[in-house]
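Undergrad: Protein chains in written order, with this note's numbering: chain E, 925 to 1018; chain G, 925 to 1018; chain D, 925 to 1018; chain L, 925 to 1018; chain X, 925 to 1018; chain C, 925 to 1018; chain S, 925 to 1018. The beta-carbon is built from N, C-alpha and C at its ideal position, and this holds for glycine as well. Here it is, the structure, as structure tokens.
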Amino acid sequence: MKIRPLADRVVIKNVEAEETTKSGIILTGAAKEKPQVCEVIAVGPGGMVDGHDVTMTVKPGDKVLIAKYAGTEVKVDGEECVIVRQSDILAVCE
Amino acid sequence: MKIRPLADRVVIKNVEAEETTKSGIILTGAAKEKPQVCEVIAVGPGGMVDGHDVTMTVKPGDKVLIAKYAGTEVKVDGEECVIVRQSDILAVCE
Amino acid sequence: MKIRPLADRVVIKNVEAEETTKSGIILTGAAKEKPQVCEVIAVGPGGMVDGHDVTMTVKPGDKVLIAKYAGTEVKVDGEECVIVRQSDILAVCE
Amino acid sequence: MKIRPLADRVVIKNVEAEETTKSGIILTGAAKEKPQVCEVIAVGPGGMVDGHDVTMTVKPGDKVLIAKYAGTEVKVDGEECVIVRQSDILAVCE
Amino acid sequence: MKIRPLADRVVIKNVEAEETTKSGIILTGAAKEKPQVCEVIAVGPGGMVDGHDVTMTVKPGDKVLIAKYAGTEVKVDGEECVIVRQSDILAVCE
Amino acid sequence: MKIRPLADRVVIKNVEAEETTKSGIILTGAAKEKPQVCEVIAVGPGGMVDGHDVTMTVKPGDKVLIAKYAGTEVKVDGEECVIVRQSDILAVCE
Amino acid sequence: MKIRPLADRVVIKNVEAEETTKSGIILTGAAKEKPQVCEVIAVGPGGMVDGHDVTMTVKPGDKVLIAKYAGTEVKVDGEECVIVRQSDILAVCE
């Protein structure tokens, strides 16, 4: 089953705690309950959003940092995902 | 009886719990009271909404994910429906 | 006596409960106190509203669904009416 | 003494209760404390307001319906008036 | 000492109570603590304000009505003044 | 050490109480805790701010009036300064 | 490991207290808990943000002043960083 996000939305998946540690990015304080390092699963087409033309700059496979509490949680094929707007993505980890 | 949504509005219907399970999308935690996977029943014409030109990208029959609490509940021909704006639709499930 | 709404405003009148049942649209739960199915009585000219050009897409006689709590109640020739903006109208029932 | 409203503002005067009844428009419920049917006394020139070009569509002598609590009360030559924006005027009674 | 307001700002001075009575404009109710009839002392140049081009339509010497609580109080050469935006001025008294 | 404000920001310094009295501008009431008459220390380049082109109209050395509570306090070379947006400046004292 | 901020975002790192003192900028009062003088680590590409074209005017290595409470804290390679929007940067210290 495939999930196709609309407009400027991005489907992301939490990266496991082990991988997070390996990559060298650990979140401070209260951030422990909900990791902010995520992997991009699917990316919307962008286009006109609230009257502004949005170009998508992330792609599936990217490791991204998102603001905590951003987005809506869903479960796709038994895996917990979050759908955020691209503007909720703070940075890409390379 | 037919319901014709205005502007960027979309009429959606909750997909039964069984079908939700089959499709592999199950909503987490508090989402159980109000399923987020819905089927599109009717789609507005789009056009100028708050001064922005909106193109409709969903069509009747699409299975969509919506944010909980989005939209207004109505009952059409005895069936519970919800009217949302297209921007409340997070993703299409294929 | 005639009431002529300004800009994008629409004067609507509650449809009687009997007619509502007949048409097959019944509102759920808390909606019972204030029916959402209304008949359009008068339609403003549209035009520039908050800097956006608004085209009126409803006409007198249309049966429409409005969000509860939308609009301002007035009594015209002894009959209770509500004045809403066209953007408060969710859908037309055909 | 004359009062000249600026921009999209309109000076209105409450219509006496008797006249209100005669015209067939009576306001419901809590509206009794402050009648909503008013007569237009003076109209601003319109023009650029918040970056939007506003055309004035009401004229002195018009009977108008305004939302309760809209505007600022002033007393001109001993008579209580209210200054509202034209966008606070819901409809014209003819 | 001179005060030169920026952008769409206007420096105004309360008109004495006697003069207010003479001109025939008396403010109702709670308005007594802070008269709304003021004289314009200085006017900003207008121009681009929040991305909109503002043309100043009041001039020094004008008697104006302002909404209560609008603006910032300052004392210039021992005299209490208020600095408001032109959009806070409701009307000019002639 | 030099501080260079970004965009439409302006660095200002409180003018001493004595000077304030001399210039003839004294602030009323609660304004005593934080004088509003300030001297401009440094001015940002202006340019695009929130999508609007901002032209800077104040210059270092100007005595300006600012709204209380506007801006962020910093200490530069041991001297207390405040960084405000130019739109927080009400007027220039000449 | 590298962190690449998106859009108008900037990754900054707190400058040590000693260095802060040396540079002559000390923050007043409650600012002590979270220093506002930061060093820029990485800068996003700018471009269209909320429909406005943003040009980045800071560069890695710049010492900047940010408003307290701005941004999101992350830890990159064991070092605490903050991701802010460029518009949260008040000034550059030279």
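#1: Does the region 970 to 979 of chain X come into contact with the region 963 to 979 of chain C, if we say contact requires no fewer than three beta-carbon pairs (one atom in each stretch) closer than 8 Å?
#2: How many angstroms separate the CA atom of L:Glu997 from the CA atom of D:Leu930?
#3: Answer with buried or exposed for X:Lys983, where buried requires no fewer than 16 other C-beta atoms within 10 angstroms of its C-beta.
#4: Could you please give me the residues that DSSP links to C:Glu1003 through a beta bridge?
#5: Which residues, taken in chain order from the region 964 to 983 of chain S, show a beta carbon closer than 9 Å to some beta carbon of chain E?
#6: Sort X:Glu1004, X:Gln1010, X:Gly968, X:Asp986 by Cα distance to L:Ile927 and report the nearest one.
#7: Taking the alpha-carbon positions, what's the L:Arg967 to L:Thr981 distance?
#8: Taking 7 Å as the CB-CB limit, is X:Arg1009 close to chain C?
#9: Taking C-beta to C-beta, are D:Ile965 and D:Val935 nearer than 7 Å?
#10: Just the C-alpha distance for E:Lys999 and E:Val1006, rounded to the nearest angstrom, thanks.
#11: Given this structure, state the Cα-to-Cα distance separating E:Lys992 from E:Glu963, to the nearest angstrom.
#12: Sort C:Val939, C:Gly995, C:Val988, C:Val1016 by Cα distance to S:Leu989 and report the nearest one.
#13: Per DSSP, what kind of secondary structure is X:Ile1012 in: helix, strand or coil?
#14: On the three-state DSSP scale, how would you describe X:Glu963?
#15: Distance, Cα to Cα, L:Val1016 vs X:Lys937?
#16: Which first and last residues belong to the beta strand (DSSP E) in which C:Pro984 is found?
#17: Residues of chain G with CB under 8 Å from E:Val1022, in chain order?
#18: Less than 6 Å between C-beta atoms, sequence neighbours within five positions excluded: which residues of the same chain meet that for S:Thr945?
#19: Pull up the distance between the alpha-carbon of S:Glu1004 and that of E:Arg933, whole angstroms please.
#20: Along the chain, where does the beta strand (DSSP E) that runs through X:Pro929 open and close?
#21: On the three-state DSSP scale, how would you describe S:Gly971?
#22: From L:Val939 to L:Val961, what does the alpha carbon distance come to, in whole angstroms?
#23: Please report the straight-line C-alpha distance between E:Ile1013 and S:Gln1010, rounded to a whole angstrom.
#24: Helix, strand or coil for G:Val939, going by three-state DSSP, please let me know.
#25: Pull up the DSSP beta-bridge partners for E:Asp977, would you.
TA: Working from what's here:
#1: Touching, per the Cβ criterion.
#2: Annotation: L:Glu997 to D:Leu930 spans about 23 Å, alpha carbon to alpha carbon.
#3: It counts as exposed.
#4: C:Glu1003 pairs with C:Val1000.
#5: Residues Ala966, Gly968, Pro969, Gly971, Met972, Val973, Asp974, Gly975, His976.
#6: The residue with the shortest Cα to Cα distance from L:Ile927 is X:Asp986.
#7: The displayed chain sequence assigns Val, not Arg, to residue 967 of chain L. Taking the straight line from one Cα to the other gives about 9 Å.
#8: False, the Cβ-Cβ gap to chain C never drops below 7 Å.
#9: A distance below 7 Å separates the beta carbons of D:Ile965 and D:Val935.
#10: Going from the Cα of E:Lys999 to the Cα of E:Val1006 covers about 8 Å.
#11: Cα-Cα distance, rounded: 15 Å.
#12: Ranking C:Val939, C:Gly995, C:Val988, C:Val1016 by CA distance to the CA of S:Leu989 puts C:Gly995 first.
#13: One detail in the question is off: residue 1012 of chain X reads as Asp in this sequence, not Ile. Look at X:Asp1012 here: in three-state DSSP terms it is helix.
#14: Of the three classes helix, strand and coil, the one that applies to X:Glu963 here is strand, per DSSP.
#15: L:Val1016 and X:Lys937 have their C-alpha atoms some 37 Å from each other.
#16: Segment: none, C:Pro984 is in no beta strand (DSSP E) and carries neither H nor E.
#17: Since the displayed chain E opens at 925 and closes at 1018, residue 1022 of chain E lies outside it and no answer follows.
#18: Reliability fails at S:Thr945, whose pLDDT of 47 lies under 50, so the model's placement of it is uncertain and the value that follows must be treated cautiously. Hits under 6 Å: none found.
#19: Spanning the two alpha carbons is a distance of roughly 28 Å.
#20: In this chain, the beta strand (DSSP E) harbouring X:Pro929 covers 927 to 929.
#21: The answer is strand: DSSP assigns S:Gly971 an E or B state.
#22: Cα to Cα, the separation comes out at about 6 Å.
#23: Using only the alpha carbons, I get a separation of about 15 Å.
#24: G:Val939 falls in the coil class under three-state DSSP.
#25: Answer is E:Met972, bridged to E:Asp977.
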